[in-house]
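Heads up, the thing below is written out as structure tokens.
2 protein chains.
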Amino acid sequence: MMQKYLTIYHELVNRIETDYWPESTMLPSENELATKYDTSRETIRKSLDLLVQNGYIQKIRGKGSVVISKAKFNFPVSGIVSFKELASEMQEPVKTLVKELALMEPEESVQKDLEISAKEKVWKVVRVREISGEKIILDKDYFNPHYVPDLTTEIAADSIYDYLEHELGLKISFARKEIVVEQPTEADRKYLDLNGFSNVVVIKSKVYLEDTSLFQYTESRHRPDKFRFVEFARRVHN
Amino acid sequence: MMQKYLTIYHELVNRIETDYWPESTMLPSENELATKYDTSRETIRKSLDLLVQNGYIQKIRGKGSVVISKAKFNFPVSGIVSFKELASEMQEPVKTLVKELALMEPEESVQKDLEISAKEKVWKVVRVREISGEKIILDKDYFNPHYVPDLTTEIAADSIYDYLEHELGLKISFARKEIVVEQPTEADRKYLDLNGFSNVVVIKSKVYLEDTSLFQYTESRHRPDKFRFVEFARRVHN
DNA sequence: GAGTGGTCTAGACCACAAC
DNA sequence: TTGTGGTCTAGACCACTCC
Numbered sequence: 000m001m002q003k004y005l006t007i008y009h010e011l012v013n014r015i016e017t018d019y020w021p022e023s024t025m026l027p028s029e030n031e032l033a034t035k036y037d038t039s040r041e042t043i044r045k046s047l048d049l050l051v052q053n054g055y056i057q058k059i060r061g062k063g064s065v066v067i068s069k070a071k072f073n074f075p076v077s078g079i080v081s082f083k084e085l086a087s088e089m090q091e092p093v094k095t096l097v098k099e100l101a102l103m104e105p106e107e108s109v110q111k112d113l114e115i116s117a118k119e120k121v122w123k124v125v126r127v128r129e130i131s132g133e134k135i136i137l138d139k140d141y142f143n144p145h146y147v148p149d150l151t152t153e154i155a156a157d158s159i160y161d162y163l164e165h166e167l168g169l170k171i172s173f174a175r176k177e178i179v180v181e182q183p184t185e186a187d188r189k190y191l192d193l194n195g196f197s198n199v200v201v202i203k204s205k206v207y208l209e210d211t212s213l214f215q216y217t218e219s220r221h222r223p224d225k226f227r228f229v230e231f232a233r234r235v236h237n
Numbered sequence: 000m001m002q003k004y005l006t007i008y009h010e011l012v013n014r015i016e017t018d019y020w021p022e023s024t025m026l027p028s029e030n031e032l033a034t035k036y037d038t039s040r041e042t043i044r045k046s047l048d049l050l051v052q053n054g055y056i057q058k059i060r061g062k063g064s065v066v067i068s069k070a071k072f073n074f075p076v077s078g079i080v081s082f083k084e085l086a087s088e089m090q091e092p093v094k095t096l097v098k099e100l101a102l103m104e105p106e107e108s109v110q111k112d113l114e115i116s117a118k119e120k121v122w123k124v125v126r127v128r129e130i131s132g133e134k135i136i137l138d139k140d141y142f143n144p145h146y147v148p149d150l151t152t153e154i155a156a157d158s159i160y161d162y163l164e165h166e167l168g169l170k171i172s173f174a175r176k177e178i179v180v181e182q183p184t185e186a187d188r189k190y191l192d193l194n195g196f197s198n199v200v201v202i203k204s205k206v207y208l209e210d211t212s213l214f215q216y217t218e219s220r221h222r223p224d225k226f227r228f229v230e231f232a233r234r235v236h237n
């Protein structure tokens, strides 16, 4: 049995996404919802908090909750969401090409990024993402073998995250990301269809497990014309 | 009197940022904190939720809350945080140059972005941000005059957000942002020290008030070598 | 004055981790 | 078995909006 507040949250999301409640509609009041779902107001508020965080509604004190949802879609900015998950929401056909997969002694910079002591080996995976037949993204992943003892080309071609979460039972929890623009490296020129572009957009991520251990460092290198990042942000007055 | 949970949140943030609780320390349990602050556990949990959202701690079921904070700093990515706020956290000297300020009939694209009917005028503000003597960022802001009737060069040179929030009493609430890479425009070439770069990173934002009305559209155009965006992301399993 | 969302309480039971 | 965080409840009072 799923938690009440999550069940209610999903039902409300559904009503918004199916336009049962179109944009700028007022939701029923918290008391009404509590009665309707036969629960307490605090539980309803927990569901509404999720709607607020995910950009579906805006609460207005003394008035109520307004639907503000718009089309929402992210372009592949990997790190905490798997490429397979993103690809499933995209229109264009996508393909993954595994270029490199090895357990090796890492370069010094990676050693530092993965916070690993010298001489420890790491998994290095290099993959190209092809979108509509063009090689757009170069993903370089490094895994701490303490958490990821084995990897195969089959896994890398499908979804490493699927494998980690469902086969190994790892619980991925949070990531620290950084987006910068860099000069293309040799590997970028070799593997990507750069079309003369003299920059690539790079998303660098450190990914952590539920117990706060760092297990992955990733660089996702994008051709700039195909890069797009969307965000919903709230102004905080803490 | 500030709300209890915010007061407690700030006190906990302070303990983390001053290294009273360094990284990977275990916080006192929720029950201990509730006793210590003479409050209920739910109130403590509200404070801890804020710490989680802002990347200070990670909660582990059955164990406790671990400090995960690292140095946190954002490079000027304007839209929902004012440049003045960002500048105050930066090391380098910054300067704002107002290049244009006028109430005018907007181009068609801006009309659309601001969701304004034809023939309505908008405030257009063009400003250059100089960092360590280099012209790095070009900010183009458009305001709906229904919410922002007056603007002056003095306000634009200092902080428009200060003026909106403290003088006009506007309550800025949320924004939808998009980050893309574009070719430099004529204005970019004219106003910025592009140093031969053939791309600019553009952050486009629509900014909304508490009552969900759209009042501002902004393009913040950055020289790519000085652009940097950092993010803390959680993996959601909703 | 009636209705809304914001805060806070004092309990309860649960799933999970550690011993 | 004990202690932790996760969920849920039924109430209370407040600040705010609207009529």
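Chains as they are written, first to last, in numbering that gives the first Met the number 0: chain Y, 0 to 237; chain L, 0 to 237. We put the CB at the ideal spot given by N, CA and C, even for glycine. From a predicted model like this one, the values you see are computed outputs, not experimental measurements.
Just to make sure I have the definition right: I need the residues of chain Y whose C-beta is within less than 9 Å of the C-beta of residue i. Which are they?
{"i": "Gly57 (chain L)", "result": "Contrary to the premise, residue 57 (chain L) reads as Gln rather than Gly in this sequence. In chain order: Ser172, Phe173, Tyr207, Glu209, Asp210, Thr211."}
{"i": "Ile67 (chain L)", "result": "Phe173, Tyr207, Thr211"}
Taking the alpha helix (DSSP H) that residue i belongs to, which residues open and close that run?
{"i": "Gln57 (chain Y)", "result": "Segment 56 to 59 is the beta strand (DSSP E) holding Gln57 (chain Y); no alpha helix (DSSP H) there."}
For residue i, which three-state DSSP category applies?
{"i": "Val147 (chain L)", "result": "coil"}
{"i": "Ile67 (chain L)", "result": "coil"}
{"i": "Phe74 (chain L)", "result": "Because the pLDDT at Phe74 (chain L) is just 47, under 50, the model does not fix this residue reliably, and the value given afterwards should be weighed accordingly. Here Phe74 (chain L) sits in coil by DSSP."}
{"i": "Glu16 (chain L)", "result": "helix"}
{"i": "Ala232 (chain Y)", "result": "strand"}
{"i": "Thr87 (chain Y)", "result": "Here residue 87 (chain Y) is Ser; the residue named in the question, Thr, does not match the sequence. Reduced to three states, the DSSP call for Ser87 (chain Y) is helix."}
{"i": "Ala186 (chain Y)", "result": "helix"}
{"i": "Leu32 (chain Y)", "result": "helix"}
{"i": "Ile115 (chain L)", "result": "coil"}
{"i": "Asp224 (chain Y)", "result": "helix"}
{"i": "Glu107 (chain Y)", "result": "helix"}
{"i": "Lys3 (chain Y)", "result": "helix"}
{"i": "Leu208 (chain L)", "result": "strand"}
{"i": "Glu133 (chain Y)", "result": "strand"}
What are the boundary residues of the beta strand (DSSP E) that includes residue i?
{"i": "Ala95 (chain Y)", "result": "Correcting the residue type first, residue 95 (chain Y) is Thr in the shown sequence and not Ala. Segment 93 to 103, the beta strand (DSSP E) holding Thr95 (chain Y)."}
{"i": "Ile130 (chain Y)", "result": "121 to 130"}
{"i": "Tyr162 (chain L)", "result": "It is not in any beta strand (DSSP E) - Tyr162 (chain L) carries neither H nor E in the DSSP assignment."}
{"i": "Thr42 (chain Y)", "result": "No beta strand (DSSP E) holds Thr42 (chain Y); the alpha helix (DSSP H) holding it covers 40 to 52."}
{"i": "Thr152 (chain Y)", "result": "Element bounds for Thr152 (chain Y): not the beta strand (DSSP E) but the alpha helix (DSSP H), 152 to 157."}
{"i": "Thr217 (chain L)", "result": "213 to 221"}
{"i": "Glu177 (chain Y)", "result": "171 to 181"}
Using a Cβ cut-off of 8 Å, pull out every chain Y residue sitting near residue i, in sequence order please.
{"i": "Arg227 (chain L)", "result": "Glu177, Ile178, Val179"}
I want to verify the contact list: residues of chain L whose CB lies under 7 Å from the CB of residue i, in sequence order.
{"i": "Glu230 (chain Y)", "result": "Lys176"}
{"i": "Val201 (chain Y)", "result": "Under the 7 Å cutoff, chain L gives no residues; its nearest Cβ is about 11 Å from Val201 (chain Y)."}
By the criterion of Cβ-Cβ separation under 7 Å, what are the contact partners of residue i in chain Y?
{"i": "Pro223 (chain L)", "result": "Val180, Asn198"}
Please report the Cβ distance between residue i and residue j, rounded to the nearest whole angstrom; I am assuming they are in contact, meaning their Cβ atoms lie under 8 Å.
{"i": "Glu91 (chain L)", "j": "Ser131 (chain L)", "result": "5 Å"}
{"i": "Glu153 (chain Y)", "j": "Lys123 (chain Y)", "result": "The Cβ separation is near 17 Å, so there is no contact."}
{"i": "Met25 (chain L)", "j": "Val65 (chain L)", "result": "6 Å"}
{"i": "Lys134 (chain Y)", "j": "Asp192 (chain Y)", "result": "5 Å"}
{"i": "Ser204 (chain L)", "j": "Arg175 (chain L)", "result": "7 Å"}
{"i": "Phe142 (chain L)", "j": "Gln215 (chain L)", "result": "5 Å"}
{"i": "Lys94 (chain Y)", "j": "Glu41 (chain Y)", "result": "About 47 Å separates the two Cβ atoms, so there is no contact after all."}
{"i": "Arg227 (chain L)", "j": "Val179 (chain Y)", "result": "5 Å"}
{"i": "Tyr36 (chain L)", "j": "Ile7 (chain L)", "result": "6 Å"}
Who are the neighbours of residue i on chain L, taking C-beta pairs under 9 Å?
{"i": "Arg233 (chain Y)", "result": "Ile79, Ser172, Phe173, Ala174"}
Whose Cβ in chain L lies nearer than 8 Å to the Cβ of residue i?
{"i": "Ser23 (chain Y)", "result": "Thr211"}
Taking a cut of 7 Å between CB atoms, which residues from the segment 137 to 165 of chain Y lie near chain L? Residues are counted here when their Cβ sits less than 7 Å from a Cβ of chain L; for the segment 137 to 165 of chain Y the count is zero.
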